[in-house]
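Here the structure is laid out as structure tokens; the discussion comes afterwards.
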Amino acid sequence: MPSATVNFFTEEIKYTIKNKLLLKQWIKDAIANEGLKPGEISFIFCSDEYLHKINVEYLNHDTYTDIITFDNSDDVFVIAGDIFISIDRIKENAKSFLVKEVDELHRVIIHGILHLCGYLDKKPVDKKRMTEKENEYLSKRSFV
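Numbering-wise, the sequence shown is residues 1 to 144 according to full-length UniProt numbering.
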């Protein structure tokens, strides 16, 4: 059985996660609520340029994005993966959507987790369901 670990890393930026232990527990609780177990999950916070390079190299998309999720799961009931998040995009999107930066960060974090849980977001019906799930888990935070 893989160990349940949620880790936070940075690439090419300096960024400090607040409420790290509570955030990790919130993520694990969301996964459990989906009927799954956490395996090794790594969040890598980076710059727009760093994430753009990954988007081009691995997905052949020449666009900027806020998140890219790589599913490393070997077991259908255990989620594992690497989730890259652009802090530049988080800051810009928070301004555009008139929300707190921490709320936008948590929305994107849970978005990546939901992808690992099997949720999609390309079709309008899937995007609507994803947003509903994001809102559900954001409302369950006991910290911030």
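No residue lacks a Cβ here, since even glycine has one placed at the ideal position from N, Cα and C.
Check, Outcome
"Check whether D71 and L116 have beta carbons under 9 Å apart", "yes"
"Simplified DSSP state of E101, which is helix, strand or coil", "helix"
"Euclidean distance between Cα positions of T5 and P38", "7 Å"
"Sub-9 Å separation of D88 and S47 beta-carbons", "yes"
"Beta carbon of H111 nearer than 9 Å to that of M130", "yes"
"8 Å Cβ shell around S3 - same chain, five flanking residues per side excluded", "G39 and E40"
"Minimum length 3: unbroken beta strand (DSSP E) runs contained in the stretch 54–112", "67–71 and 78–86"
"Residues bridged to T10 [DSSP beta-bridge criterion]", "F45"
"Nearest-angstrom Cα separation, counted from I17 out to D103", "13 Å"
"Inter-stretch contact (C-beta, 8 Å, three-pair minimum) for the stretch 13–28 and the stretch 135–143", "yes"
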